[in-house]
Amino acid sequence: MKTVKILSGSGCSNCEVLKQKVSKVIADNNFDASIEKVTDIVQIMGYGVMTVPVLVIDEEIKCVSRIPSDSEIHDWLK
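With the sequence shown counted from 1, adding 48 to any position gets you my numbering.
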């Protein structure tokens, strides 16, 4: 099972869009993955990033400060 984390700021609309896109790609492709939204600033800083949203898959940062395409998300999850 893949572990997906969305590193998110409080009230970040792009972070919510990213979470919805990732959820849709997982559902549409029957990927075995779980999603966790991380909002704790200390945990986010532990990844060495300064801006959100951040997409982390299996503890590897895949995307920072942008919303990736569905095909990018698909490729990272397969």
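All C-beta atoms, glycine included, are put in the ideal place defined by N, C-alpha and C.
Per DSSP, residue i is paired with what?
i, result
"K126", "BP columns for K126 are empty, so no partner."
"T51", "S82"
"E108", "I105"
Would you mind stating whether residue i and residue j have Cβ atoms separated by less than 8 Å?
i, j, result
"V65", "I115", "yes"
"K50", "V86", "no"
"V70", "I83", "yes"
Closest by CA to residue i, which one among the options?
i, options, result
"M93", "L55, E120, M49", "L55"
"M98", "I89, D106, W124", "I89"
"N62", "C111, V100, W124, E107", "V100"
"D123", "C60, N77, Y95", "N77"
"Y95", "D80, C111, K72", "C111"
Terminal residues of the continuous alpha helix (DSSP H) containing residue i?
i, result
"V70", "61 to 77"
"V97", "Run containing V97: none; DSSP gives neither H nor E here."
Is it right to say residue i is buried, meaning 16 or more other beta carbons lie within 10 angstroms of its own, or is it exposed?
i, result
"I74", "buried"
"K67", "buried"
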